[in-house]
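Since the structure comes first, as structure tokens, the remarks are kept for the end.
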Amino acid sequence: MTVAYPNVLPDGTVNLYAIQDGEEAVIVDGGATGDHLDALERHLRECGVRRVTALVATHYHVDHTAGMPELKARLQAPAFMHPLDVAAFDRAFPHAAGTFEACPARLRAGQRDLWVIHQPGHTHGHLHLWLPDVRAIWVGDHMVEEGSVWIGPPDGHMADYYQALEAVINSDAMAALPGHGPVIRQPQRAAHRLRARREMREKQMLELLAEGPKALAELTKALYPDVDPRALPFARHTVIAHLEHLEERGRVRRIMSSGDWTMRYARTEE
């Protein structure tokens, strides 16, 4: 189910999924609110679902969880996330604290098993969900069919994200179900593309820093010259995540200029 969510760029939508077997279903992600919840309940009835066994969020960001408190009350179903994201949700949305509990390793709808895999990257508690009978993997905000996703602190970590993409590359998934956009029919190929894009960005950063030390704002402007102003914070956070990754690998260091007290990044000696 594609749900309108205006603050999500570029499409302004988020995906909500129902995994059904017989009269039971598991709901994945719940950014839906208002009329969309009525439509979801109606669609579940039309499909013969009589019981939702679980609600599960791939991660705690609002576009994936906004509707969960109301869904939980309407459907009388438990709501799950990874413990790290449960804590993050409770801090970010204190009015809804207590909605989620720690997700078990397996969820079940009828005779179908949905396996829960902790795969950090976009957030520290990000989950992938694996449905083996159809070789489908839910990837939340780690993958999209076109374009790219953003990874940035304090939630995201680039090295973890590379590992998440590697896990998809090494899987035998036939389809990846993303948090935004259409189904990804060639998950391994898409993961390779996304990894290459991130590696390209790091190469560009090192080339820019070869010219001399640069501040975060300079790097962001050089790397994303035509970015939509609404997306600028996401671009900036992705640049930070890349710089942290390069620091961890010993390729970049931070320096403070005594002239203007601005933090800049510089290449380390090679």
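Numbering (our numbering), first residue to last: 1059 to 1328.
Every residue gets a Cβ at the ideal spot worked out from N, C-alpha and C, and that includes glycine.
Cβ separation of residue i and residue j, assumed to be a contact under 8 Å, to the nearest whole Å
i               : j               : result
leucine 1129    : isoleucine 1085 : 7 Å
isoleucine 1242 : methionine 1201 : 6 Å
glutamine 1078  : alanine 1167    : 6 Å
leucine 1281    : arginine 1307   : Actually they do not touch by this definition, with Cβ atoms about 18 Å apart.
Cβ-Cβ distance between residue i and residue j below 8 Å
i               : j               : result
threonine 1326  : valine 1297     : no
asparagine 1073 : histidine 1182  : no
alanine 1185    : isoleucine 1175 : One point to set straight first is that residue 1185 is leucine, not alanine, in the sequence displayed. A contact, by the Cβ cut-off of 8 Å.
threonine 1116  : glycine 1198    : yes
arginine 1322   : lysine 1272     : yes
alanine 1090    : leucine 1102    : no
histidine 1295  : tryptophan 1188 : no
valine 1226     : glutamine 1244  : no
glutamate 1305  : alanine 1248    : no
tyrosine 1219   : glycine 1179    : yes
Cβ neighbour criterion (16 or more within 10 Å) applied to residue i
i              : result
glycine 1092   : exposed
glutamine 1337 : Summary: the structure shown does not reach residue 1337, with the chain confined to residues 1059 through 1328, and so no result is reported for it.
leucine 1290   : exposed
glycine 1088   : buried
Those residues which DSSP pairs with residue i across a bridge
i               : result
threonine 1326  : Answer is none; threonine 1326 lacks a bridge partner.
arginine 1166   : Asp1171
asparagine 1065 : DSSP, once it has assigned bridges, lists no residue as partnering asparagine 1065.
isoleucine 1077 : Val1084
histidine 1176  : Leu1185
valine 1114     : Val1086, Phe1138
arginine 1311   : Ala1324
Minimum Cβ-Cβ distance from residue i to chain E less than 8 Å
i            : result
alanine 1150 : Absent from the structure: chain E. Only one protein chain is present.
Inset, instruction - Any chance you could list the alpha helix (DSSP H) runs of at least 4 consecutive residues sitting entirely within the stretch 1186-1263, in chain order? - result: 1216-1227
Inset, instruction - Would you list, in sequence order, the uninterrupted beta strand (DSSP E) runs of no fewer than 3 residues that lie entirely inside the stretch 1133-1166? - result: 1137-1139
Legend entry - In chain order, each beta strand (DSSP E) run of at least 3 residues that lies wholly inside the stretch 1083-1112: none
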